[in-house]
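All letters in the sequence shown, in the order written, are residues 1 to 328 by full-length UniProt numbering.
Backbone N, C-alpha and C fix where the C-beta goes; we use that ideal spot for every residue, glycine too.
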Amino acid sequence: MSRKKFLVILALEAIFCILLALLQWNTSIRFSSVIAFPMEQLGWALRKLSLSGAMGNAVAIVLFFLLGILPSAVWLVLRRKRKTCGPDWMLHGLTLLLFVTLYYMVNPGLFQADVPGGASVLLGGVFYGVLLGYLVLRLLNRYAEADGKKLRHGLKALLLLLNLMFLYDAFGQSLSALIDSILQLQGSSGLSSLAEGMWEFQESSGLIWTYVFLALHYIVRILPDLLNAVVICLAVQALDAMEKERYGEQAVRSVKRLADVCVKALTAIVVSEIVFHLLQLMFHRQIYQVNVDITIPLIPVIFTLGVLLFARYAQENRKLKQENDLFI
Numbered sequence: 001m002s003r004k005k006f007l008v009i010l011a012l013e014a015i016f017c018i019l020l021a022l023l024q025w026n027t028s029i030r031f032s033s034v035i036a037f038p039m040e041q042l043g044w045a046l047r048k049l050s051l052s053g054a055m056g057n058a059v060a061i062v063l064f065f066l067l068g069i070l071p072s073a074v075w076l077v078l079r080r081k082r083k084t085c086g087p088d089w090m091l092h093g094l095t096l097l098l099f100v101t102l103y104y105m106v107n108p109g110l111f112q113a114d115v116p117g118g119a120s121v122l123l124g125g126v127f128y129g130v131l132l133g134y135l136v137l138r139l140l141n142r143y144a145e146a147d148g149k150k151l152r153h154g155l156k157a158l159l160l161l162l163n164l165m166f167l168y169d170a171f172g173q174s175l176s177a178l179i180d181s182i183l184q185l186q187g188s189s190g191l192s193s194l195a196e197g198m199w200e201f202q203e204s205s206g207l208i209w210t211y212v213f214l215a216l217h218y219i220v221r222i223l224p225d226l227l228n229a230v231v232i233c234l235a236v237q238a239l240d241a242m243e244k245e246r247y248g249e250q251a252v253r254s255v256k257r258l259a260d261v262c263v264k265a266l267t268a269i270v271v272s273e274i275v276f277h278l279l280q281l282m283f284h285r286q287i288y289q290v291n292v293d294i295t296i297p298l299i300p301v302i303f304t305l306g307v308l309l310f311a312r313y314a315q316e317n318r319k320l321k322q323e324n325d326l327f328i
């Protein structure tokens, strides 16, 4: 996949997640969370169709079966193309899980879940969690014994998947959490429109500092996701450069740039959290909601040190190759 297509996919996902999250402002649309999309809307549509009459009920049953059988249909296509592998048996489990998810989305009153967001969030989260696990296991199985070139393609695919997760967390889950916090602060279960919400924001001047800190908390929360997305894009560039010429100057420069950005990104994440917590302490009398998230960036630190070590190795290997070329 080219860099341009890679960035286009990420941009489209970000826009899509933002639009879905903003639907929470409108209570006339059946939408509880990004993670419940599109099963929640499909369940609502199937229920409406089923209650429309005998013909509608028959059509709803057929559509329910066709939607639920999709994972097994994918397995059948892979089998005919002789591209099945060990983890593909999970597709049949996904079929069963999809049937259960759609059934309770059609009949939400039969599934009571005492969790934030209700049954739709729980069902959607479980389904997407299993689906993501299947995709990761399939990629690992496919590239377990691959050569270097195929491994690089597999790594790029995993990095793209990871970037999609980062952007979903930033513009889907985190943005939905921000909107939920604003709605709860206003003491309402929903707003009829975004304009009405902005009007209430202007009228509630006593809450302005709370709104400001909710926005700051959102920025601090998504900053690691956005910086991680940048790091992954640079990692893909480094892989492309190494694929062209492993010991070339461009490859070494790309890895060195990646290491520098990792250090700066980790520094920005830590400093932003420190500043945010200090500001909350200073203005705690003016705000009605305090967010204290104590995070230990152990994995980013390990990743940064690994990239720094890899950059040193790349520089040393290039130097050794140049010396060998001179000797020859």
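Considering just the uninterrupted stretch of the alpha helix (DSSP H) at residue i, what are its terminal residues?
i: GLN173; result: From DSSP, GLN173 is part of no alpha helix (DSSP H); its letter is neither H nor E.
i: TYR211; result: 208-244
i: HIS92; result: 90-106
i: LYS256; result: 249-282
i: PRO38; result: It is not in any alpha helix (DSSP H) - PRO38 carries neither H nor E in the DSSP assignment.
i: PHE111; result: Looking at the DSSP string, PHE111 is not in any alpha helix (DSSP H), and its letter there is neither H nor E.
i: SER120; result: 119-142
i: TYR168; result: 148-168
i: residue 340; result: There is no way to answer for residue 340, as the model of the chain reaches only from 1 to 328.
i: ARG3; result: 3-22
In chain order, what residues of the same chain lie with their CB nearer than 8 angstroms to the CB of residue i, ignoring the 5 residues before and after it?
i: SER50; result: GLY56, ASN57, ALA60, ILE61 and VAL106
i: residue 364; result: The structure shown does not extend to residue 364, since the chain is modelled only from 1 to 328, so the question has no answer here.
i: ALA195; result: Residue placement at ALA195 cannot be trusted, given a pLDDT of 47 that sits under 50; the coordinates are not used to answer.
i: GLN280; result: PHE213, ILE287, VAL290, ASN291 and VAL292
i: GLU245; result: ALA251
i: GLN202; result: Low local confidence applies: a pLDDT of 49 at GLN202 is under 50, so the model's placement there is unreliable, with the coordinate-based value given in what follows. Same-chain partners within the cutoff: there are none.
Closer than 6 angstroms by C-beta to residue i: which residues in its own chain qualify, once you throw out the five before and the five after it? Chain order, please.
i: ASP240; result: none
i: ASP169; result: ASP225
i: MET198; result: Unreliable placement is indicated for MET198, whose pLDDT of 48 sits below 50; the coordinate value is still reported in the next sentence. Hits under 6 angstroms: none found.
i: ALA14; result: LEU167 and PHE171
For a quick check, are the C-beta atoms of residue i and residue j less than 8 angstroms apart?
i: PRO71; j: LEU98; result: yes
i: ASN291; j: TYR247; result: no
i: GLN237; j: VAL34; result: no
i: ALA21; j: SER176; result: yes
i: ASP225; j: PHE166; result: yes
i: LEU223; j: SER181; result: no
i: GLY124; j: GLU40; result: yes
i: ALA314; j: VAL212; result: no
i: LEU131; j: LEU158; result: no
i: PHE171; j: ILE18; result: yes
i: PHE127; j: LEU216; result: no
i: TYR143; j: LEU178; result: no
i: LEU227; j: LEU258; result: no
i: PHE16; j: LEU160; result: no
i: ALA229; j: LEU10; result: yes
i: LEU96; j: ASP88; result: no
i: LEU66; j: LEU42; result: no
Keeping to the same chain, check which residues put their C-beta closer than 7 angstroms to that of residue i; ignore five residues upstream and five downstream.
i: THR304; result: CYS262, VAL263 and LEU266
i: residue 375; result: This structure gives no information on residue 375, because the portion of the chain shown stretches from 1 to 328.
i: LYS321; result: TYR247
i: VAL301; result: LEU266
i: VAL74; result: LEU91
i: HIS284; result: VAL290
i: ASN141; result: CYS85, GLY86 and PRO87
Thinking residue i and residue j are a contact (beta carbons under 8 angstroms), I'd like their distance in whole angstroms, please.
i: ARG138; j: CYS85; result: 6 angstroms
i: ILE232; j: LEU162; result: 6 angstroms
With 8 angstroms as the threshold, decide whether the Cβ of residue i is near any Cβ in chain C.
i: ILE299; result: Among the protein chains of the structure shown there is no chain C, as only one such chain exists.
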